[in-house]
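This note's numbering numbers the first residue of the sequence shown as 30 and each following residue consecutively.
Below is one structure, written out as structure tokens; comments come after it.
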Amino acid sequence: MQVAIIGAGLGGLTFGAFAAKEGHQVHIFDKNLAPGGVAALLDHEGYRFEQGPLLIGDMLPGESLYELLKELGIELETQRADRDIVMPDYDMVKPVEFGGKYWRREKLKKLFPEDAEGIDEYYRVYDHVMHLRWLSRQPQTLGIKIRTALAMLKLRKFASMNADEFTKHFFKSEKICTLFTGIFADFCADPKEVQGLGVIFMNFESAFDMRIPVEEGQHYYGGYVYFTGGCQKLPEALAAYIEEHGGSITYGTVVDKVLIENGTAKGILLSDGTQVAADMVVGCGAGKDFFENCVGLEHLSEEYRKILTSYRPMEAVFMVHLGVDYDPMEYLRSPLTYCYGMYDLSSATEKLRNHVYHGGDDGYLIYVPSHHAPDFAPEGKHCVTIYTVCPDTLSEGDWEDVKERYADRLVTLAEAHLPELRRHTVTRKIMTAADYRQYTHMKKSSFGGVVPIMGQKNPPHKTDVKGLYFVGQQSENGGGVGAVMLGAKTAWEKAKK
Ligand SMILES: Cc1cc2nc3c(=O)[nH]c(=O)nc-3n(C[C@H](O)[C@H](O)[C@H](O)COP(=O)(O)OP(=O)(O)OC[C@H]3O[C@@H](n4cnc5c(N)ncnc54)[C@H](O)[C@@H]3O)c2cc1C
Numbered sequence: 030m031q032v033a034i035i036g037a038g039l040g041g042l043t044f045g046a047f048a049a050k051e052g053h054q055v056h057i058f059d060k061n062l063a064p065g066g067v068a069a070l071l072d073h074e075g076y077r078f079e080q081g082p083l084l085i086g087d088m089l090p091g092e093s094l095y096e097l098l099k100e101l102g103i104e105l106e107t108q109r110a111d112r113d114i115v116m117p118d119y120d121m122v123k124p125v126e127f128g129g130k131y132w133r134r135e136k137l138k139k140l141f142p143e144d145a146e147g148i149d150e151y152y153r154v155y156d157h158v159m160h161l162r163w164l165s166r167q168p169q170t171l172g173i174k175i176r177t178a179l180a181m182l183k184l185r186k187f188a189s190m191n192a193d194e195f196t197k198h199f200f201k202s203e204k205i206c207t208l209f210t211g212i213f214a215d216f217c218a219d220p221k222e223v224q225g226l227g228v229i230f231m232n233f234e235s236a237f238d239m240r241i242p243v244e245e246g247q248h249y250y251g252g253y254v255y256f257t258g259g260c261q262k263l264p265e266a267l268a269a270y271i272e273e274h275g276g277s278i279t280y281g282t283v284v285d286k287v288l289i290e291n292g293t294a295k296g297i298l299l300s301d302g303t304q305v306a307a308d309m310v311v312g313c314g315a316g317k318d319f320f321e322n323c324v325g326l327e328h329l330s331e332e333y334r335k336i337l338t339s340y341r342p343m344e345a346v347f348m349v350h351l352g353v354d355y356d357p358m359e360y361l362r363s364p365l366t367y368c369y370g371m372y373d374l375s376s377a378t379e380k381l382r383n384h385v386y387h388g389g390d391d392g393y394l395i396y397v398p399s400h401h402a403p404d405f406a407p408e409g410k411h412c413v414t415i416y417t418v419c420p421d422t423l424s425e426g427d428w429e430d431v432k433e434r435y436a437d438r439l440v441t442l443a444e445a446h447l448p449e450l451r452r453h454t455v456t457r458k459i460m461t462a463a464d465y466r467q468y469t470h471m472k473k474s475s476f477g478g479v480v481p482i483m484g485q486k487n488p489p490h491k492t493d494v495k496g497l498y499f500v501g502q503q504s505e506n507g508g509g510v511g512a513v514m515l516g517a518k519t520a521w522e523k524a525k526k
């Protein structure tokens with residue numbers, strides 16, 4: 030079978046790798062010049078910076094993404110990773126000496142004694158979920174299935190809660206609620222829109238201290254990783270796999286149309302007028318724009334069209350990449366530090382959706398990719414990225430006109446953690462929403478996929494056109510490396526049937 034894939038993001042590459050593994054002829058086309066979409070690297074004056082994924086989940090031995098790569102025989106070196114959190118008037122920076130797997134619980138109780146009972150109750154529910162994770166990893170005997178069902182019953186009362194209600198169930202202080210829901214700001218989501226139990230899945234304690242064991246007793250804590258040498262190792266390995274299995278990847282090529290005859294996908298049309306015949310066509314990324322421009326809405330059912338007009342893609346990111354002549358890790362405990370500037374996430378999300386940029390005042394994060402990819406910087410130098418989510422377009426002005434001013438502001442804010450950052454800067458590269466549109470090939474840059482809104486339907490993998498599938502972070506699986514890759518593999522399994 031000839032499989033034509035539009036987009037060499039992690040979704041398209043994963044679909045292509047599994048199709049190639051089973052002997053099909055895979056042809057991928059991407060407008061960018063390297064594989065990976067938002068997971069590709071940026072080269073700048075002797076430094077390299079990451080545009081996308083930071084911490085990768087599901088990548089520990091036995092976890093779903095690790096197993097997916099194992100099926101393809103892809104082995105990549107990883108190292109465990111974690112992140113520190115700084116709130117406006119307290120912090121959750123990990124202690125130099127490991128304080129046990131509940132150090133955050135104990136620290137919170139000291140900081141907020143009036144909430145001690147709720148904090149203990151939250152951690153009991155957390156432990157219960159970690160036990161469920163452990164059960165899900167056991168051989169699925171009848172006994173384990175019954176234990177799982179009983180354990181699930183205990184979580185029933187939380188099922189209909191959103192993240193705001195969920196955290197308020199345990200904590201009186203807004204300051205603790207925001208510690209646990211702050212990560213949703215990264216997804217451009219208001220905690221009132223997000224599934225309550227998602228709070229626990231976004232806050233595995235091991236994500237904040239990699240010294241926490243992966244598994245202990247009947248609890249599975251898991252953990253995050255970095256790819257040693259940078260996340261682009263992942264798309265590079267998938268691209269190499271496809272080529273080794275007889276597939277081809279053509280870069281620097283825009284696909285203009287999916288060729289459709291009598292409701293069946295027959296191939297694609299490239300922007301230079303070349304037609305490529307195919308038995309199966311797969312769109313990766315570009316969401317609504319893909320269906321409007323390449324497919325044609327007239328080929329879709331009313332239901333699919335309704336999803337395309339109702340789902341909410343994320344906004345943009347504003348990034349300042351710096352090459353520096355000192356080691357930032359002398360000042361930071363972790364190569365990834367989230368700094369929040371407020372506690373009111375609902376107002377922050379509303380501002381974002383009204384195209385108002387907070388300029389770093391609502392929060393930003395500091396990332397040091399050269400920590401796990403030393404060759405990103407010349408000998409003795411380092412890379413630092415400071416970034417925030419931001420509106421795709423601004424209510425006033427244009428990103429190009431304001432980017433230098435906002436970049437200066439972010440550097441000033443980050444100097445609270447990295448002294449004299451400006452003086453140690455050797456080179457600087459700013460990335461705005463306009464640059465991200467290059468990576469995603471979307472009118473609205475939508476850096477990380479869809480906002481994970483409870484009950485929202487996202488574009489399904491199977492479209493109404495026979496032989497046309499849709500994968501990637503704008504599809505039903507949503508964004509994130511693990512979700513995109515596992516979703517693309519599932520889509521391939523559906524498609525080949
Ligand atoms: C700043 C940032 C931080 C992130 N942090 C994390 C993290 O910590 N952990 C995590 O797991 N995930 C993270 N992610 C999300 C993760 O990187 C993405 O969900 C995933 O890489 C998306 O892959 P994709 O294949 O869906 O889409 P994309 O990467 O957008 O790839 C789509 C590709 O298709 C191409 N394309 C589309 N249409 C056409 C066309 N018509 N013709 C030619 N080419 C076309 C595009 O050019 C692009 O290369 C982050 C992302 C960003 C941007």
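Virtual Cβ for every residue (Gly too), placed ideally from N, Cα, C.
Handout entry: Contact set for K138: own chain, Cβ-Cβ below 6 angstroms, skip 5 residues either direction
Key = One-based indexing of the sequence shown puts residue 138 at position 109. Same-chain partners within the cutoff: A145 and I148.
Handout entry: Distance, E505 Cα to V480 Cα
Key = Within the sequence shown, numbered from 1, the residue matching residue 480 stands at position 451. Within the sequence shown, numbered from 1, the residue matching residue 505 stands at position 476. Distance between the alpha carbons of V480 and E505: 11 angstroms.
Handout entry: Member of K495, L208 and G509 whose CA lies at the smallest distance from the CA of R26
Key = Residue 26 falls outside the range modelled here, since the chain spans only 30 to 526, and no answer is possible.
Problem - ligand 1 heavy atom lying under 7 angstroms from the CB of Y468 - result: Within the sequence shown, residue 468 is the residue found at index 439, counting from 1. Y468: yes, Cβ under 7 angstroms from ligand 1.
Practice task
Would you mind sorting T293 into buried or exposed? The rule is 16 or more other CB atoms within 10 Å of its CB.
Solution key: What you label residue 293 is simply residue 264 of the sequence shown in a count that begins at 1. Burial call: exposed.
Problem - Ordered list of beta strand (DSSP E) runs contained in the region 279–316, each at least 3 residues - result: 284–290, 293–299, 304–306 and 309–313
Problem - Straight-line Cα distance separating G426 from K50 - result: Residue numbering aside, residue 50 sits at position 21 when the sequence shown is read from its first letter. Residue numbering aside, residue 426 sits at position 397 when the sequence shown is read from its first letter. Between K50 and G426, the C-alpha separation is close to 49 angstroms.
Exercise for the section: Run the proximity test for L351: is its beta-carbon closer than 7 angstroms to any non-hydrogen atom belonging to ligand 1? Expected result: Here residue 351 refers to the residue found at position 322 of the sequence shown. No - ligand 1 has no heavy atom lying nearer than 7 angstroms to the Cβ of L351.
Problem - Straight-line Cα distance separating A110 from K201 - result: Counted from its first residue, the sequence shown places residue 201 at position 172. Counted from its first residue, the sequence shown places residue 110 at position 81. If you take the alpha carbons of K201 and A110, they lie about 31 angstroms apart.
Problem - Spatial distance of A188 from G225 (CA atoms) - result: On the sequence shown, position 159 is the one that residue 188 refers to. On the sequence shown, position 196 is the one that residue 225 refers to. Cα to Cα, A188 sits roughly 7 angstroms from G225.
Exercise for the section: Label P264 either buried or exposed according to how many other C-beta atoms from any shown protein chain fall within 10 Å of its C-beta, with 16 as the threshold for buried. Expected result: Within the sequence shown, the letter at position 235 stands for residue 264. Per the 10 Å Cβ criterion, buried.
Problem - Coil, strand or helix - L7 by DSSP - result: This structure does not reach residue 7, given that the chain is present from 30 up to 526, and the question cannot be answered.
Practice task
Use the C-beta contact count for S300: other C-beta atoms within 10 angstroms, 16 or more gives buried, fewer gives exposed.
Solution key: Here residue 300 corresponds to residue number 271 of the sequence shown, with the count starting at 1. Exposed is the call here.
Problem - Chain-order list of residues whose beta-carbon lies under 8 angstroms from that of Y95 (same chain, five-residue window excluded) - result: As a first step, residue 95 is located in the sequence shown; it is residue number 66 there, counting from the start. Only D87, M88 and L89 meet the Cβ criterion.
Problem - Distance, I103 Cα to W521 Cα - result: Counting from 1 along the sequence shown, the entry for residue 521 is found at position 492. Counting from 1 along the sequence shown, the entry for residue 103 is found at position 74. Answer to the nearest angstrom: the Cα atoms are 18 angstroms apart.
Handout entry: Residue ranges of each alpha helix (DSSP H) within the region 119–163, 4 or longer
Key = 132–140
Problem - alpha helix (DSSP H) runs contained entirely in the region 464–491, provided each spans 4 or more residues - result: none
Handout entry: Cutoff 6 angstroms; reference L447; Cβ partners in own chain excluding five residues on either side
Key = Start at 1 with the first residue of the sequence shown, and residue 447 comes out as number 418. Excluding sequence neighbours, L447 sits near P357 and Y360.
Exercise for the section: Give the straight-line distance between the Cα atoms of F320 and D404, rounded to the nearest whole angstrom. Expected result: By 1-based counting over the sequence shown, the position of residue 320 is 291. By 1-based counting over the sequence shown, the position of residue 404 is 375. The straight-line gap from Cα to Cα measures roughly 40 angstroms.
Exercise for the section: Please report how far the alpha carbon of K221 lies from the alpha carbon of G227, in whole angstroms. Expected result: On the sequence shown, residue 221 is found 192 positions in, with the first residue counted as 1. On the sequence shown, residue 227 is found 198 positions in, with the first residue counted as 1. Roughly 12 angstroms separates the two Cα atoms.
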